[in-house]
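Here our numbering = 1-based position in the sequence shown + 6.
One structure below.
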Amino acid sequence: MNLSNLRLATYFQIFNESPDFFFLFTKTLLKNQREGWVQERDREIKNKANEICSHDKPSRLDLAAMTDLLKLNKK
Numbered sequence: 007m008n009l010s011n012l013r014l015a016t017y018f019q020i021f022n023e024s025p026d027f028f029f030l031f032t033k034t035l036l037k038n039q040r041e042g043w044v045q046e047r048d049r050e051i052k053n054k055a056n057e058i059c060s061h062d063k064p065s066r067l068d069l070a071a072m073t074d075l076l077k078l079n080k081k
């Protein structure tokens with residue numbers, strides 16, 4: 007039995023024993039996954055902003071990219 011089948015079997019066992027706990031468990035997993043995506047996106051935005059600001063004199067293209075990053079961060 008490979009790891010994904012074992013994980014699936016574990017989920018079914020949890021669901022059979024306590025459906026309420028299963029849904030809470032799944033909700034928590036999804037929330038943690040989303041927070042990981044948000045943290046990764048924020049890290050990418052910060053890295054790009056640092057790259058743009060590291061120039062002595064930013065170009066218009068750099069300033070436009072910074073504006074786009076700020077708009078993306080507000081979403």
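Every residue, glycine too, gets a C-beta built ideally from N, C-alpha and C.
Just so it is clear, the structure is predicted and the values come from calculations on it, not from any experiment.
Look at S10 here: in three-state DSSP terms it is helix. Just so you know, the alpha carbons of K37 and F29 end up roughly 12 Å apart. Distance between W43 and I51, taken at the CA atoms: about 12 Å.
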